[in-house]
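What follows is a set of notes on a single structure, which appears directly below.
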């Protein structure tokens, strides 16, 4: 089973923009997940859908051996260049190619919603050692902020029907229904990202289905983002803009077969 078509096509075109415009993650979120999953020297953690390595580099700080799995060649190449100490492999969450019982933990940052949930859980169960844990991480916009709500509407208007989103709760329902897993724990951390105005535009252009648009359509998106930024007093005329993200961290532990 391959990567989702929209993700594969979009991210293959936008790997460089993705690396520049996407936010990192706060260190307290990493610490929470590291403690929950026991990430440390002598342990192995698999990073599914690792992309360009925005979360992979943080996992490496724990001292654990990190295996990054990424199906999109352009993103995988960028990751390998940036993190030569990390093992980078071509694979999907549903078919990693990794040996049975080879990982103490599996993590997916900004990626799990793209996966076939049941197939991915089956693969996670295959690669995890007994008692291993699964961690899921997302950066989520604060839609209560008016300009962010309008900004997100640009994205939503162009989203194809059925485009996956972690906010629909499907991933959690599937995990809760799957035998052999403990309760899902969660923590949420503020993660505001201040960036140049152009970075806010590039953040939109790094979205998978936006990156699939032709040049003329992307120019229209760029103008719409600028219109939103000019329409709100907290962003109008500012050279830098703060995007209010929250980092959502979820984890659970394998309790049986």
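Residue numbers (my numbering): 828 to 1084. All C-beta atoms in this analysis are idealised placements derived from N, C-alpha and C, irrespective of residue type, glycine included.
- Item | Closest by C-alpha distance to residue 986, when choosing among 1040, 942 and 1016 | Along the chain shown, one-based indexing puts residue 986 at 159. Looking at the Cα atoms, 1040 is the closest of the given residues.
- Please determine, among 1011, 884, 1052 and 1017, the residue with the shortest C-alpha to C-alpha distance to residue 1024. Locating residue 1024 in the chain shown gives position 197, counting from the first residue. Cα-wise, what sits closest to residue 1024 is 1052.
- Three-state class that DSSP yields for residue 1077 in the structure shown: Counting from 1 along the chain shown, the entry for residue 1077 is found at position 250. Of the three classes helix, strand and coil, the one that applies to residue 1077 here is strand, per DSSP.
- Message: Suppose only complete runs of 4+ residues qualify. What are the alpha helix (DSSP H) ranges in the segment 854 to 915, listed by chain order?
- Response: 854 to 864, 883 to 887 and 900 to 909
- Since residue 985 sits in a beta bridge, which residues does DSSP pair it with? Counting from 1 along the chain shown, the entry for residue 985 is found at position 158. Beta-bridge pairing links residue 985 to no other residue.
- Query: Which two residues bound the contiguous alpha helix (DSSP H) that contains residue 849?
  - Reply: Counting from 1 along the chain shown, the entry for residue 849 is found at position 22. Unbroken run through residue 849: none, as it is neither H nor E.
- Within the chosen definition, does the segment 1056 to 1066 reach the segment 988 to 1000 through at least 3 CB pairs nearer than 8 Å? no
- Are the beta-carbon atoms belonging to residue 968 and residue 1034 less than 8 Å from one another? By one-based count along the chain shown, residue 968 stands at place 141. By one-based count along the chain shown, residue 1034 stands at place 207. No, the Cβ-Cβ distance between residue 968 and residue 1034 is not below 8 Å.
- Under 6 Å Cβ to Cβ from residue 1056, same chain only, skipping five residues before and after it: list those, please. The count along the chain shown starts at 1 and reaches residue 1056 at position 229. Hits under 6 Å: 1062.
- Task: Could you tell me which uninterrupted alpha helix (DSSP H) segments, each at least 4 residues in length, are contained entirely in the segment 992 to 1017, listed from first to last along the chain?
- Result: Annotation note: the segment 992 to 1017 contains the following uninterrupted alpha helix (DSSP H) runs of length 4 or greater, listed N- to C-terminal: 997 to 1004.
- Under 6 Å Cβ to Cβ from residue 1085, same chain only, skipping five residues before and after it: list those, please. Residue 1085 falls outside the range modelled here, since the chain spans only 828 to 1084, and no answer is possible.
- Beta-carbon spacing of residue 855, residue 1016 below 8 Å: Reading the chain shown from its first residue, position 28 is the one you call residue 855. Reading the chain shown from its first residue, position 189 is the one you call residue 1016. Closer than 8 Å, so yes.
- Message: Taking its Cβ as the centre, do 16 or more other Cβ atoms sit within 10 Å of residue 1082, making it buried, or is it exposed?
- Response: Counted from its first residue, the chain shown places residue 1082 at position 255. Classification for residue 1082: exposed.
- Write down every uninterrupted run of the beta strand (DSSP E) in the segment 920 to 975 whose length is 3 residues or greater and which is fully enclosed by it, in chain order. 930 to 936 and 955 to 968
- Message: Which residue marks the beginning of the alpha helix (DSSP H) containing residue 1050, and which one marks its end?
- Response: Here residue 1050 corresponds to residue number 223 of the chain shown, with the count starting at 1. Where residue 1050 is concerned, the enclosing alpha helix (DSSP H) stretches over 1042 to 1058.
- Item | Bounding residues of the beta strand (DSSP E) (the contiguous stretch that carries residue 1069) | For the purposes of this step, residue 1069 is identified with residue 242 of the chain shown, where counting begins at 1. Per DSSP, residue 1069 belongs to the beta strand (DSSP E) from 1067 to 1070.
- Query: Is it right to say residue 1085 is buried, meaning 16 or more other beta carbons lie within 10 angstroms of its own, or is it exposed?
  - Reply: Residue numbering for the chain in the displayed model covers 828 to 1084; residue 1085 lies beyond these limits and cannot be assessed.
- Simplified DSSP assignment, three categories, for residue 1024: The residue labelled residue 1024 in the question sits at position 197 within the chain shown. Residue 1024 falls in the helix class under three-state DSSP.
- Message: Cutting at 6 Å between CB atoms, please list the residues of its own chain near residue 956, excluding the five before and the five after it.
- Response: As a first step, residue 956 is located in the chain shown; it is residue number 129 there, counting from the start. Cβ neighbours of residue 956 beyond the five flanking positions: 928 and 931.
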